[in-house]
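Colleague:
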Amino acid sequence: MLSDKDQRAEYDQMRAMGPGARGGFGGGQGGGFPGGFQGGNFGGNGFEDVFANLFGGGGGGFGGPRGPQRGQDLTTTQTLDFIDGVKGTTIKLSLRAGAEPTTIKIPAGVTDGQKIKIAGKGNPSPNGGSAGDLIITVTVKSHPVFTRDGNNIRVVVPITFAEAVLGATIQVPTLGGEPVKLKVAPGTPNGRVLRVKGRGVVTTKAEGDLLATVEIAVPSHVSDKAKKALEEFDGFLPDEDPRADLLLRAGLL
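So for the sequence shown, the working numbering puts the first residue at 30; every next one is plus one.
#1: Closer than 8 Å by C-beta to V209: which residues in its own chain qualify, once you throw out the five before and the five after it? Chain order, please.
#2: Count the C-beta pairs between the segment 243-251 and the segment 152-168 that are closer than 8 Å, then say yes if the count reaches three, no if not.
#3: How long is the line joining the alpha carbons of A197 and I245, rounded to whole angstroms?
#4: Using a Cβ cut-off of 8 Å (strictly closer), state whether T232 contacts chain D.
#5: Excluding the five sequence neighbours on either side, which residues of its own chain have a C-beta within less than 6 Å of the C-beta of S159, listed in chain order?
#6: Just checking, does the segment 208-222 make contact with the segment 133-148 on the three C-beta pairs under 8 Å criterion?
#7: Tell whether a beta-carbon distance below 8 Å holds between G237 and I182.
#8: Among P187, R125, L124 and K134, which one has its Cα closest to the Cα of V247?
#9: Sorted by chain position, which residues of the same chain lie with C-beta nearer than 7 Å to P97's C-beta, five sequence neighbours on each side aside?
#10: Going by the CB atoms, is the gap between T217 and V243 shorter than 8 Å?
#11: Would K116 pass as a contact of T132 if the rule is Cβ separation under 8 Å?
#12: L109 by DSSP, collapsed to three states: which one?
#13: Report the rounded CA-to-CA distance for K257 versus R272, giving the unit in angstroms.
#14: So what's A258 in DSSP terms, helix, strand or just coil?
#15: Between V139 and V167, which are expected to be in contact by the criterion C-beta below 8 Å, what is the C-beta distance as a whole number of angstroms?
#16: Do the CB positions of L124 and T118 come within less than 8 Å of each other?
#17: For F262, count neighbouring C-beta atoms within 10 Å of its own C-beta (all shown protein chains included) and say buried if the count is 16 or more, exposed if not.
#18: Hey, could you find the ends of the alpha helix (DSSP H) L276 is sitting in?
#19: For T176, which residues of its own chain have a beta-carbon under 7 Å away from its beta-carbon, when the five flanking residues on both sides are left out?
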């Protein structure tokens, strides 16, 4: 860039001395870059101003001042009862010390571990930008009777041996509502699932069902009369072995 060795040496010396160096290359008059910047006194920040003008700086370094920054997100956790997680609820959160509690709507159908984002409820911007978001991680408690299966609700319903064989009409609990009546068909096996449409998790996008799994309850104590009756009952059954092909299907025969 500088072909003259003396000019090059003076330029390197000026750079080493920093912005406070006296102006001019070679005594303060003339010299300088041929056909370019002339010598003379640049002043205290001469080189900084020149380079700022060259590269678009606004006097505050390259790149100019930054625009408004978005506020930081706030994170918190919230524990819900099983029914509140299924049906939705509203909660009050104190987001900052001394501030009034903020009412937050929890939508229906939230699951354990789900994150809910509330836009604009995070920390404010430090310089006029938009506020951050509030991120809530939800913990949903278990229920002693019901479990979630996607948008379906599952419940296990005990029935007697006689009800399974002869059939019956039974009452099944629902989540937060009145029990419903279900018919158990004669000869219902253990583990059969009975479906109640629309009694599961209901959201704006989907509607689940209530799935009732029947479980035949075996009595732990049987009287002598009951034993005799069962033996007589067994005598009337067809002579069939329910385990006849079990070993064959297991590949042991």
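Glycine included, every Cβ here is placed at the ideal spot set by N, Cα and C.
The model shown is predicted, which means the values in this text are computed figures rather than measured ones.
Modeller: Let's see:
#1: Counting only Cβ-Cβ distances below 8 Å, and skipping sequence neighbours, we find Q200, V201, T203, V225, R228 and L239.
#2: Contact fails: fewer than three Cβ-Cβ distances are below 8 Å.
#3: Distance from the CA atom of A197 to the CA atom of I245, rounded to whole angstroms, is 13 Å.
#4: Structure shown: chain D not included; a single protein chain is present.
#5: The beta carbon of S159 sits closer than 6 Å to those of R99, all from its chain and outside the five residues before and after it, given in chain order.
#6: Contact between the segment 208-222 and the segment 133-148 is absent, because fewer than three Cβ pairs lie under 8 Å.
#7: Taking 8 Å as the Cβ cut-off, G237 and I182 qualify as a contacting pair.
#8: Closest option to V247, judged by alpha-carbon separation, among P187, R125, L124 and K134: P187.
#9: For P97, where only same-chain residues beyond five positions count, the Cβ hits under 7 Å are S154, N156, G157 and G158.
#10: Yes, Cβ-Cβ distance for V243 and T217 is below 8 Å.
#11: Between K116 and T132, the gap from beta carbon to beta carbon reaches 8 Å or more.
#12: Three-state DSSP puts L109 in a strand.
#13: Rounded to the nearest angstrom, the two C-alpha atoms are 24 Å apart.
#14: Looking at A258 - three-state DSSP - the assignment turns out to be helix.
#15: Rounded to whole angstroms, the Cβ separation of V139 and V167 is 5 Å, and the two are in contact under 8 Å.
#16: No. Outside cutoff.
#17: Taking a 10 Å sphere around the C-beta of F262, we find fewer than 16 other C-beta atoms and assign the residue as exposed.
#18: Here the alpha helix (DSSP H) through L276 covers L275 to R278.
#19: The residues are R183.
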